[in-house]
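Everything below concerns the one structure shown next.
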Amino acid sequence: MAKFLLLMNYGATATCDTPMPEWDPADVAAHIEFQRRFGGELAERGELVDAQGLAQAAKVVVATGDGAPVVTDGPFPEAKEFIAGYWVVDVESEARALEIAALASAAPGPGGVPLGQPIEVRAVMGAPEPQDV
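Numbered per UniProt numbering, the sequence shown spans residues 1 to 133.
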């Protein structure tokens, strides 16, 4: 088994660039139901480790160790691209992680049309064993 992080990127490359707050309420409900069902299916298969939607607002922290960290505001509502959510899956292969990402990318949007949101798939690196360091 291998863990993968699947990042849902909201941005200009998706087939839908309408922010969810502007969707018809029925389309929002259908999208949320898809996400719940999708997460439930992954959980039933024993593949889901965690999944969360993320607020658009963020803070960025930079510290060099020689003073107070610098904290700045991250993406703003007018940002054209941001991470909208994520899944952590524990699957047999990268191929399965890519299958899951494809399913997530095709989540329904306005009018039930698949969103085509880019899903970034990244392997989770384990820490080296103490004798390997």
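Just so you know, even glycine gets a beta-carbon here, dropped at the ideal spot from N, CA and C.
| query | Fully enclosed by the UniProt domain "YCII-related" (42–102), which beta strand (DSSP E) runs are 3 residues long or longer? | reply | Within the UniProt domain "YCII-related" (42–102), the complete beta strand (DSSP E) runs of at least 3 residues are 48–53, 59–62, 70–73, 82–91.
| task | Could you spell out where the beta strand (DSSP E) holding L6 opens and where it closes? | result | Counting along the chain, L6 sits inside the beta strand (DSSP E) bounded by residues 2–10.
| Measuring CA to CA, which of L103, V124, L5 is closest to residue 135? | This structure cannot speak to residue 135, because the chain is shown only from 1 to 133.
| V62 versus A55, V70, Q56, residue with shortest Cα-Cα distance | Considering only alpha carbons, the answer is V70.
| Given 8 angstroms as the limit, is there contact between the region 80–89 and the region 38–49, that is, 3 or more CB pairs closer than that? | A contact is defined here as three or more CB-CB pairs under 8 angstroms, and the region 80–89 meets this definition with respect to the region 38–49.
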